[in-house]
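A.B. asks:
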Amino acid sequence: MSNLIGQHLGPYCILEQIGAGGMATIYKAYQPAMERDVAIKVIAAHFAQEEEFRKRFRREAKAVARLEHAHILPVYDYGEADGRPYLVMRYLEAGTLKERMAKGPLSLSEINRVVGQVGSALDYAHRMGVIHRDVKPANVLLDSEGDAYLTDFG
Numbered sequence: 001m002s003n004l005i006g007q008h009l010g011p012y013c014i015l016e017q018i019g020a021g022g023m024a025t026i027y028k029a030y031q032p033a034m035e036r037d038v039a040i041k042v043i044a045a046h047f048a049q050e051e052e053f054r055k056r057f058r059r060e061a062k063a064v065a066r067l068e069h070a071h072i073l074p075v076y077d078y079g080e081a082d083g084r085p086y087l088v089m090r091y092l093e094a095g096t097l098k099e100r101m102a103k104g105p106l107s108l109s110e111i112n113r114v115v116g117q118v119g120s121a122l123d124y125a126h127r128m129g130v131i132h133r134d135v136k137p138a139n140v141l142l143d144s145e146g147d148a149y150l151t152d153f154g
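Here's what the structure looks like:
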């Protein structure tokens, strides 16, 4: 399961890798039943072998899936393939806030927009009993309109 590009993960066709970290790899995939692109987070093999980690990942996936907020990236599905858990989320084409910041300074109106949207998402998550644990520009995704979405609550 090291190179999933071109493979199927459940009903999803893996198109390309769009991110990677120590705990997981993120892929862009296609969901034929809904005729849409999605993002899939696949847990790294060495973490997937730990039963306690898999339980925690599933528990956190369910908690985030219950969050209904305009600026929290929606979770569509959860599954396991070859013993490795994966999480299916909305795909956003504009990338992360970190990538946007690397292109140059944000305007004051962009800063106000992002801070307001992320702050609202955090406030809502906290009221619902969910703590983010890793708020940083790499965990804020942007859509084509510049709206911010908080992700990666693990």
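Numbering (the numbering used here), first residue to last: 1 to 154. Heads up, the beta-carbon is just placed ideally off N, CA and C, and yes, glycines get one too. Since the structure is predicted, the reported quantities are computational estimates derived from the model, not experimental observations.
(1) To the nearest angstrom, how far is the alpha carbon of Q135 from that of L9?
(2) Could you check how far apart the C-beta atoms of A45 and M23 are, in whole angstroms? I think they sit under 8 Å.
(3) Could you spell out where the beta strand (DSSP E) holding A48 opens and where it closes?
(4) So, helix, strand or coil for K16, using DSSP?
(5) Does the separation of the CB atoms of A29 and I40 fall below 7 Å?
(6) What distance in whole Å lies between the Cβ atoms of A61 and A38, which are believed to be in contact at a cut-off of 8 Å?
(7) Would you call the segment 86-103 and the segment 130-145 in contact, with 3 or more CB pairs under 8 Å?
(8) Would you kindly report the start and end of the unbroken beta strand (DSSP E) that includes M101?
(9) Does V115 pass the burial test, meaning 16 or more other C-beta atoms within 10 Å, or should it be called exposed?
(10) Under a CB-based cut-off of 7 Å, is S120 close to chain C?
(11) Looking only at its own chain, which residues have a Cβ that is under 8 Å from the Cβ of H71, when we skip the five neighbours before and after it?
(12) Across which residues does DSSP place I40 in a beta bridge pair?
(13) M89 and L73 - do their beta-carbons sit closer together than 7 Å?
(14) If I follow the unbroken beta strand (DSSP E) through E80, where does it start and stop?
(15) State yes or no: is the C-beta of A125 within less than 7 Å of the C-beta of G83?
(16) Can you name, in chain order, every residue of its own chain whose Cβ lies under 6 Å from the Cβ of H132, other than the five neighbours on each side?
C.D. replies: Walking through what the data contain:
(1) Along the sequence shown, one-based indexing puts residue 135 at 135. Along the sequence shown, one-based indexing puts residue 9 at 9. Checking the sequence shown, residue 135 turns out to be Val, not Gln. Cα to Cα, the separation comes out at about 29 Å.
(2) As a working note, residue 45 is residue 45 in the sequence shown. As a working note, residue 23 is residue 23 in the sequence shown. No, A45 and M23 are not in contact; Cβ-Cβ is about 11 Å, not under 8 Å.
(3) As a first step, residue 48 must be located in the sequence shown, where it is residue number 48. Counting along the chain, A48 falls outside any beta strand (DSSP E), though it belongs to the alpha helix (DSSP H) covering 45-48.
(4) Locating residue 16 in the sequence shown gives position 16, counting from the first residue. Note on identity: in this sequence residue 16 is Glu, with Lys being the wrong assignment. Residue state, collapsed to three classes: strand.
(5) Along the sequence shown, one-based indexing puts residue 29 at 29. Along the sequence shown, one-based indexing puts residue 40 at 40. Yes, Cβ-Cβ distance for A29 and I40 is below 7 Å.
(6) Here residue 38 is taken as the residue at index 38 of the sequence shown, counted from 1. Here residue 61 is taken as the residue at index 61 of the sequence shown, counted from 1. Contrary to the premise, residue 38 reads as Val rather than Ala in this sequence. At roughly 14 Å, the Cβ-Cβ gap does not stay under 8 Å, so V38 and A61 are not in contact.
(7) yes
(8) The residue labelled residue 101 in the question sits at position 101 within the sequence shown. It is not in any beta strand (DSSP E) - M101 instead sits in the alpha helix (DSSP H) that spans 97-102.
(9) By 1-based counting over the sequence shown, the position of residue 115 is 115. So V115 counts as exposed.
(10) No chain C is present in this structure, which holds just one protein chain.
(11) Within the sequence shown, residue 71 is the residue found at index 71, counting from 1. For H71, where only same-chain residues beyond five positions count, the Cβ hits under 8 Å are Q117, V118, S120, A121, D147, A148, Y149, L150.
(12) Counting from one through the sequence shown, the residue named residue 40 turns up at place 40. Answer is Y27, V88.
(13) Your numbering for residue 73 matches position 73 in the sequence shown. Your numbering for residue 89 matches position 89 in the sequence shown. Yes, they are a contact pair.
(14) Position 80 of the sequence shown, counted from the start, is the residue given in the question as residue 80. E80 -> beta strand (DSSP E) spans 75-81.
(15) Here residue 125 refers to the residue found at position 125 when the sequence shown is read from its first residue. Here residue 83 refers to the residue found at position 83 when the sequence shown is read from its first residue. No, the Cβ-Cβ distance between A125 and G83 is not below 7 Å.
(16) Taking the first residue of the sequence shown as position 1, residue 132 is located at position 132. F153.
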